[in-house]
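> Using this note's numbering, the first residue of the sequence shown is number 2, and each one after it goes up by one.
Yeah, the Cβ is synthetic: ideal placement off N, Cα and C, and Gly gets one too.
Just so we're clear, the structure is a prediction, and the values are computed from it rather than from any experiment.
What follows is a structure written as structure tokens; I'll ask about it next.
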Amino acid sequence: MAKKDKKTKNGGNLRCPIVCVLGHVDHGKTTLLDKIRKTRVAKREAGGITQHIGASEIPIDVIKRVCGDLLNMLKADLKIPGLLVIDTPGHEAFTSLRKRGGALADIAILVVDINEGFKPQTIEAVNILRQCKTPFVVAANKIDLIPGWNSKEMPFILNFNEKNQHPNALTEFEIRLYENVIKPLNELGFEADLYSRVQDVTKTVCIVPVSAVTGEGIPDLLMMVAGLAQKFLEDRLKLNVEGYAKGTILEVKEERGLGTTIDAIIYDGIAKRGDYLVVGLPDGVLVTRVKALLKPKPLDEMRDPRDKFKPVNEVTAAAGVKIAAPDLDKVIAGCPIRIVPKDKIEEAKEEVMREVEEAKIEVDDEGILIKADTLGSLEALANELRKAGVKIKKAEVGDVTKKDVIEVASYKQSNPLYGAIVAFNVKILPEAQKEIEKYGIKVFVDNIIYKLVEDFTEWVKKEEERIK
Ligand code: GDP
């Protein structure tokens, strides 16, 4: 009986793979996400995209209809119920969305402007994906800007091997595809090719040419993501619908009339209203009670723009949901959560504590202080700094405070090169500014990890020269 439920509810007991979009600034991540969200077949047909908190679900029926004949290429029967695409692009979102054993996203779309090629954040994203062993598809975006591009050429890409039969050789496209996308991927150690030429998707990264503006190539992209997810991840996507909900916090937000709420992605199990919310914090565990589970209201049901959420009794993975509960003030993005009945609280506490412990960054006896906005980005920053041979004495989530500066002033006494704070995507609090000047502490703040590492190591080099 239970088995049958699973099948009917989730189209075979696989859950939706969770998809994240990464890439360099201005390469078109947001535009691509918008275009994907607008993917609809004939208007009155059932099964459009459903909006979650922080994510959008594209049901498999929509993918099948949009992709049509293209699907023959996959030579596979798609059993996943759809794709859950995270609405916030960028690797900050990707890294803060974590779970035990790595990244929460099952698959990624790496957006590269085919005209500009690889940029610092593209390389950073590839490194993060590699570290997390997350399979990805490359969306080679902005093909509409290729000189001489003609939208009728998209179908010919599918038959690229026979391009000689095509009246206009796709030279400019070919050059940009090779120089700006394939070659840099090869240099980073990946085999990569145009998706229609790839024989084995487990060995070669598939590149799908798209235009987020005209929509060309979007069906092909959705098809490749769905196909890849199924091929790579069948085991990972097995849904345990009987179990309690496991998830991660995407964002902490104040909402009118609700107080502090969390937006979370549930990747496993079922969350029920009235159950207990167990949150793993960097310094302990919070147990509170779920007051409301909220989903976005469709526009036509909203009476007032402030009335944007609809309470539900339960939510089944994979899903994005807003949770209202007391005492959420100390909670931060990236914290692991469980939503459990009373008798499972202890078990859940142990789980989240273990997860937080594993996410803790190993520190050196001496070194610098690093700060970041989420646990995930802190880890990504620490990893990149380590690769550059930087020693880290302390790693913490949060803005740069006066206390931080005073602490670093003491590190500086042992070695002037440790008188630095490297901070990712956080602010320097006004109270800290004076102390920074007083103690002559060097503070690096940026929202690009790659740049932080570069700026810091450059500074170290100069300081070493100066000290000599
Ligand atoms: P993000 O920073 O990666 O999220 O990039 P955006 O989605 O904000 O896009 C940056 C700019 O590129 C915007 O002006 C978009 O309109 C434009 N853009 C994005 N995708 C395309 C595309 O496929 N073709 C063209 N012509 N412009 C694009």
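If I'm right that VAL226 touches ILE110 with Cβ under 8 Å, what's the distance once you round it to whole angstroms?
6 Å
> Which of helix, strand or coil does DSSP assign to GLU465?
helix
> When the Cα of ASP145 is compared with those of LEU130, GLY118, GLU217, ILE129, which residue comes out closest?
GLU217
> Along the chain, where does the beta strand (DSSP E) containing GLU408 start, and where does it finish?
Note, GLU408: premise wrong, no beta strand (DSSP E); alpha helix (DSSP H) at 403 to 415.
> Please check the pair ALA126 and LEU229, which I expect to be a contact at CB under 8 Å, by giving their CB distance rounded to whole angstroms.
In fact, because the Cβ distance is near 17 Å, the residues do not count as touching under 8 Å.
> Counting along the chain, where does the beta strand (DSSP E) carrying GLY285 start and finish?
285 to 290
> For SER212 and THR51, what's the separation of their Cα atoms in angstroms?
23 Å
> Please report whether the beta-carbon of SER152 lies at a distance below 8 Å from any beta-carbon of chain D.
Annotation note: the requested chain D is absent from the structure, which comprises a single protein chain.
> What are the partner residues of GLU256, as DSSP defines its beta bridges?
GLY260
> Please state the DSSP three-state secondary structure of PHE119.
Three-state result, PHE119: coil.
> Could you tell me whether any non-hydrogen atom of the ligand GDP is closer than 7 Å to the CB of SER57?
no
> Using a Cβ-Cβ cutoff of less than 6 Å, which residues in the same chain neighbour VAL280 once the five nearest sequence positions on both sides are dropped?
LEU287, VAL332, CYS336, ILE338
> Could you tell me how far apart the beta carbons of ILE471 and TYR451 are, in whole angstroms, since I believe they sit closer than 8 Å?
No answer is possible for residue 471: it lies beyond the span of the chain, which begins at 2 and ends at 469.
> Return yes when the Cβ of LEU222 is within less than 8 Å of the Cβ of ILE59, no when it is not.
no
> Using only the alpha-carbon positions, how far apart do LYS44 and ASP62 sit?
Residue placement at LYS44 cannot be trusted, given a pLDDT of 48 that sits under 50; what the coordinates show is reported in the next sentence. Going from the Cα of LYS44 to the Cα of ASP62 covers about 14 Å.
> Could you tell me the alpha carbon to alpha carbon distance between ALA360 and VAL112, rounded to whole angstroms?
27 Å
> Find out if the Cβ-Cβ distance for the pair ALA424, VAL454 is shorter than 8 Å.
Their beta carbons are not under 8 Å apart, which means ALA424 does not touch VAL454 by this criterion.
> If distances are taken between C-alpha atoms only, which option among ALA318, GLN200, ASN128 comes closest to PRO82?
ALA318
> Going by the beta-carbon positions, is the gap between LYS394 and ASP365 smaller than 8 Å?
yes
> Closest by CA to PHE249, which one among GLU459, ASP456, ILE54?
Checking the sequence shown, residue 249 turns out to be Thr, not Phe. Among GLU459, ASP456, ILE54, the Cα nearest to that of THR249 belongs to ILE54.
> Is the region 260 to 275 in contact with the region 291 to 298, if contact means three or more CB pairs nearer than 8 Å?
The region 260 to 275 is in contact with the region 291 to 298.
> What I want to know is whether the C-beta of HIS28 ends up closer than 7 Å to one or more non-hydrogen atoms of the ligand GDP.
Yes, Cβ of HIS28 sits closer than 7 Å to a heavy atom of the ligand GDP.
> Classify ASP78: buried if its beta carbon has 16 or more other beta carbons within 10 angstroms, exposed otherwise.
exposed
> Here's a check: name, in chain order, each residue in its chain whose Cβ is nearer than 6 Å to the Cβ of LYS403, leaving out the five neighbours to either side.
GLU432, ALA433, GLU436
> I need the straight-line Cα distance from SER415 to GLY368, nearest angstrom please.
10 Å
> Please state if the CB of PRO210 and the CB of ILE108 are separated by a distance shorter than 8 Å.
no
> Confirm, please, whether the CB-CB distance from LEU189 to LEU178 is below 8 Å.
Result no, Cβ atoms of LEU178 and LEU189 do not sit closer than 8 Å.
> Which word fits LEU300, buried or exposed, when buried means at least 16 other C-beta atoms lie within 10 angstroms of its C-beta?
exposed
> Is any heavy atom of the ligand GDP found at a distance shorter than 7 Å from the C-beta of PRO148?
The answer is no for PRO148.
> Using a Cβ-based criterion (distance less than 7 Å to any ligand heavy atom), does GLY49 qualify as near the ligand GDP?
no
> Straight-line CA distance for ALA410 to PRO417?
9 Å
> Alpha carbons only, please: which of ALA381, SER378, VAL406, LYS76 is nearest the one belonging to GLN200?
For GLN200, the closest C-alpha among the options ALA381, SER378, VAL406, LYS76 is that of LYS76.
> Can you determine whether any heavy atom of the ligand GDP sits closer than 7 Å to the C-beta of LYS143, and answer yes or no?
yes
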